[in-house]
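Shown next, in structure tokens, is the structure this report addresses.
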Amino acid sequence: MSTLKYLLHYPPALVQQAQALLDAGQLGPWLRRKYPDANEVQTDKALYQFVAAIKQRYLKNAPLPAKVLYDNQQHPLKGTLGTNTLVSRVQGGKLKSKSEIRIAALFRELPLPFLQMIVVHELAHLKERDHDKAFYQLCCHMLPDYHQLEFDLRLWLSWRELETA
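Going by full-length UniProt numbering, the first residue of the sequence shown is number 1, and it counts up by one from there.
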């Protein structure tokens, strides 16, 4: 029995259910049945268009990030699945700030709902910088089952890590 480090802050009863599925070898098949479709957003260009479409639908007044890309440096073991950073550069005599969204490259192999969840999370940072109530309300506005997808992603990461170990 291993610890499910991605589920540390969830209720013990929920973690025990996940652990039971994992121990019985049923977690992977259950996740594959629940999320059978592959993700077709494979290139940085396709990711940019995907992010732009979601941003345009829900955050019309927020500026479009200057750059959106898959990043091999982002990894759940290092604590990051995606980042939204503000990059400042001097252009001419002016200081210009541009937003960049970087998504962990492992999302190329994940089902589309997980990619949607992380994109919504990073887009919400365009309006709300902190992980507070307003931030999560915005995430749920853009993706009503945001919390379920976040939990299922954590299950998937736990299962994947133990499968590759």
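For glycine and all other residues, C-beta sits at the position ideal for the given N, C-alpha and C.
Predicted, not measured: the structure shown is a model, and the values here were computed from it.
Distance between beta carbons of residue j and residue i, contact taken as under 8 Å
i: Ser-88; j: Leu-95; result: 6 Å
i: Tyr-6; j: Pro-113; result: 17 Å between Cβ atoms; not a contact.
i: Ser-99; j: Pro-65; result: 4 Å
i: Leu-110; j: Ala-18; result: In fact, because the Cβ distance is near 18 Å, the residues do not count as touching under 8 Å.
i: Leu-123; j: Leu-59; result: 6 Å
i: Asn-84; j: His-125; result: 4 Å
For residue i, three-class secondary structure by DSSP
i: Arg-129; result: coil
i: Lys-94; result: strand
i: Thr-3; result: coil
i: Glu-100; result: strand
i: Gly-25; result: coil
i: Thr-80; result: coil
Classification of residue i by the beta-carbon crowding that lies within 10 angstroms, buried from 16 upward
i: Arg-32; result: exposed
i: Pro-63; result: exposed
i: Glu-150; result: buried
i: His-9; result: exposed
i: Leu-14; result: exposed
i: Ala-38; result: exposed
i: Ala-20; result: exposed
i: Gln-74; result: buried
i: His-121; result: buried
Distance between residue j and residue i (C-alpha atoms, nearest Å)
i: Arg-57; j: Pro-144; result: 14 Å
i: Gln-137; j: Ala-24; result: 35 Å
i: Leu-153; j: Val-90; result: 39 Å
i: Lys-45; j: Leu-162; result: 32 Å
i: Pro-53; j: Gln-42; result: The sequence as given places Ala at residue 53; Pro does not occur at that position. For Ala-53 and Gln-42, the distance between alpha carbons rounds to 16 Å.
i: Glu-40; j: Asp-130; result: 30 Å
i: Trp-159; j: Leu-27; result: 7 Å
i: Arg-102; j: Phe-50; result: 13 Å
i: Phe-135; j: Tyr-146; result: 12 Å
i: Thr-3; j: Gly-92; result: 53 Å
i: Arg-108; j: Val-119; result: 13 Å
i: Tyr-70; j: Gln-148; result: 23 Å
i: Val-68; j: Leu-106; result: 15 Å
i: Lys-55; j: Cys-139; result: 12 Å
i: Glu-128; j: Pro-11; result: 26 Å
i: Met-142; j: Tyr-48; result: 17 Å
i: Trp-30; j: Met-117; result: 19 Å
Uninterrupted alpha helix (DSSP H) stretches inside the region 36-73 (no shorter than 4 residues): 44-58
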